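Step one of this worksheet: look at the structure below.
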Amino acid sequence: MAAHEELPADADAAAIEQLHSIRESIDNIDAALIHLLAERFKFTQSVGRLKAAHGLPAADPARELMQIDRLRGLAEEAHLDPAFAEKFLNFIIAEVIHHHVKIAGGPAVAPGRAAGAAPAVSPIVAS
C-alpha cells in the first residue's frame with residue numbers, strides 16, 4: 078500500500094478534514110466496485126460452465142458489441158466518458174472470455190480484446 082502524501086505543515090485543517098472525508102468516500106466506492114465485480118464474475122463463471130457443457134463458443138461477438146453500445150449509452154447518461162466505459166468493459170469482456178476458454182479446457186492464453194473493439198489498455202466482463 079502506498080504511503081500517504083506529505084501535506085504542508087500550514088495546510089488548512091478544514092481542507093485536510095474534507096480531503097480525508099472525500100477520500101474515504103472514494104475508498105468505499107472502490108470496495109463496492111470490487112464486490113460488484115466479484116458478484117458479476119460469479120455469474121459469468123456460470124455462463125462459462127453452461128457454454129462448456131453445451132459446446133458453445135467462449136466468445137459471443139454480437140452480445141459483446143451490444144453490451145459495449147449499452148454501456149456507452151449508460152456512461153453518457155451518467156456523464157462518464159463513453160470511451161473510458163468502453164475500455165473498462167473491453168477489459169472485463171476479455172477476462173471473461175479468458176475464463177470461459179479455461180473452463181472449456183482450452184489453452185490458457187493471455188486475455189485478448191473484445192470482438193470488434195479497439196485494443197483495451199489492460200484486458201476484464203461479458204457473458
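Under the working numbering, residues 78 to 204 are what the sequence shown spells out, in order. Beta carbons are placed, not taken as given, at the ideal position from N, Cα and C, and that holds for glycine. Keep in mind it's a predicted model, so treat the numbers as computed, not measured.
Inter-residue Cα distance where the pair is residue i and residue j
| i | j | result |
| --- | --- | --- |
| E83 | R100 | 15 Å |
| A90 | L142 | 49 Å |
| K119 | D87 | 49 Å |
| S123 | A139 | 19 Å |
| A195 | P85 | Note on A195: pLDDT 43, under 50, position unreliable in the model; the coordinate value appears next. Near 43 Å, if we compare the C-alpha coordinates of P85 and A195. |
| A152 | I93 | 31 Å |
| G208 | A129 | Residue 208 cannot be examined here, being either before or after the span of the chain that is shown, 78 to 204. |
| F165 | D137 | 18 Å |
| S102 | L96 | 10 Å |
Continuous alpha helix (DSSP H) stretch holding residue i: start and end
| i | result |
| --- | --- |
| G125 | A90 to A130 |
| E141 | P138 to E154 |
| P159 | P159 to I180 |
Nearest candidate by alpha-carbon position, reference residue i, set the options
| i | options | result |
| --- | --- | --- |
| G150 | F168, E163 and L113 | E163 |
| T121 | G183, S98, V178 and E94 | V178 |
| Q144 | L113, N167, H176 and A115 | N167 |
| A115 | P184, H97, A152 and E172 | E172 |
| D146 | A160, P134 and H176 | A160 |
Cβ neighbour criterion (16 or more within 10 Å) applied to residue i
| i | result |
| --- | --- |
| I111 | exposed |
| M78 | Reliability fails at M78, whose pLDDT of 49 lies under 50, so the model's placement of it is uncertain and no value is given. |
| G125 | buried |
Practice task
Could you tell me whether the region 92-110 touches the region 149-160, using the rule of 3 or more Cβ pairs below 8 Å?
Solution key: The count of Cβ pairs closer than 8 Å, one atom from the region 92-110 and one from the region 149-160, stays below three, leaving the stretches out of contact.
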